[in-house]
């Protein structure tokens with residue numbers, strides 16, 4: 004029986020709860036220095052660059068708009084799949100990459116998400132599979148070469164920060180429900196089809212969901228940023244829909260190396276009336292959904 008269980012665990016056929024040596028997630032928390040947000044089986048750690056003062060088109064960017072780095076783990080038997088998106092300055096890129104590569108973490112993308120931002124920020128997507136405590140330690144050691152804050156965020160007290168635009172109309176226009184996260188109105192919209200990497204289904208919380216963020220800029224306006232997740236046939240209709248509706252496309256690239264279907268991430272930016280922008284983003288969502296049905 005022990006041999007059978009071991010074989011199943013090696014193949015990833017046991018549920019996380021049935022694994023022979025279940026991960027002690029408190030040790031992962033300790034290695035990273037903060038507690039995870041749990042979504043189903045995924046444990047996700049936010050690494051917002053609240054230490055950076057980044058401006059774009061006279062907008063001071065909050066971490067929740069476009070500086071929200073993260074790392075996430077999804078159990079696979081006795082081990083875990085790790086994925087993440089690290090927000091780095093130019094001088095931090097090579098030291099972090101050198102450290103991660105030397106310790107078995109794969110770099111799957113390095114690129115921009117924004118244009119014209121001061122200072123410029125870069126985004127390093129990473130992946131690995133193994134003991135989550137060891138992987139968390141490797142990550143923390145690599146990020147020790149940056150100014151990334153690891154202190155736990157203070158628990159919110161009182162009423163959430165007011166956004167200054169009609170969130171109900173924004174939700175109605177997008178056809179989705181958002182949440183106020185520290186003064187940024189956020190949407191996470193999973194793809195309709197299953198996404199796989201390394202032969203495994205990847206949860207939306209591991210970075211495969213469409214992300215749309217609104218940061219209020221006054222008088223009912225908002226700056227928007229985030230990324231659409233599109234298959235190859237969805238990219239061109241999406242780009243045309245965004246540009247036709249006044250949304251700037253700031254990047255088009257991959258985040259993973261072995262995803263199935265192949266995914267492309269379309270990043271965007273605009274600063275205008277929040278409800279108007281929500282309608283424009285809905286055109287992008289509709290363009291993606293229309294192609295997905297074909």
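Numbering (the working numbering), first residue to last: 4 to 297. Note that CB positions come from ideal geometry on N, CA and C, so glycine has one too.
Please tell me whether residue i and residue j are closer than 8 angstroms, where the distance is taken between their beta carbons.
i, j, result
"residue 200", "residue 262", "yes"
"residue 232", "residue 190", "no"
"residue 282", "residue 176", "yes"
"residue 52", "residue 70", "yes"
"residue 127", "residue 110", "yes"
"residue 211", "residue 194", "yes"
"residue 164", "residue 181", "no"
"residue 254", "residue 114", "yes"
"residue 108", "residue 226", "no"
"residue 270", "residue 116", "yes"
Who are the Cβ neighbours of residue i in its own chain at under 7 angstroms, not counting the five residues just before and after it?
i, result
"residue 60", "119 and 274"
"residue 88", "72, 73, 126, 128 and 210"
"residue 92", "122 and 124"
"residue 197", "204"
"residue 36", "143 and 153"
"residue 260", "111"
State the start and end residues of the unbroken beta strand (DSSP E) segment that holds residue i.
i, result
"residue 184", "182-184"
"residue 224", "224-233"
"residue 47", "45-51"
"residue 191", "187-192"
"residue 205", "Taken as a continuous stretch (DSSP letters only), residue 205 belongs to no beta strand (DSSP E), as it is neither H nor E."
"residue 219", "213-221"
"residue 40", "40-42"
Can you name, in chain order, every residue of its own chain whose Cβ lies under 6 angstroms from the Cβ of residue i, other than the five neighbours on each side?
i, result
"residue 135", "26, 31, 76 and 83"
"residue 291", "233, 237 and 241"
"residue 228", "68, 69, 216 and 272"
"residue 102", "145"
"residue 9", "Because residue 9 carries a pLDDT of 40, less than 50, the predicted location of this residue cannot be relied on, and no value is offered for it."
"residue 133", "82"
For the alpha helix (DSSP H) holding residue i, just list the boundary residues, first then last.
i, result
"residue 287", "277-296"
"residue 174", "170-177"
"residue 145", "135-146"
"residue 35", "28-35"
If you drop the 5 nearest sequence neighbours on each side, which residues of the same chain put their C-beta closer than 8 angstroms to that of residue i?
i, result
"residue 28", "39, 46 and 135"
"residue 278", "168, 169, 172, 173, 176 and 223"
"residue 296", "none"
"residue 54", "150, 151 and 152"
"residue 178", "285 and 288"
"residue 43", "206 and 208"
"residue 58", "64, 120 and 121"
"residue 96", "113, 125 and 127"
"residue 6", "Caution is warranted here: a pLDDT of 39 is assigned to residue 6, below 50, making its placement in the model unreliable, and no coordinate value can be reported."
Length-filtered (3 minimum) beta strand (DSSP E) runs lying within the stretch 50-132: 71-79, 82-91 and 109-114
Beta strand (DSSP E) runs contained entirely in the stretch 242-269, provided each spans 3 or more residues: 251-256
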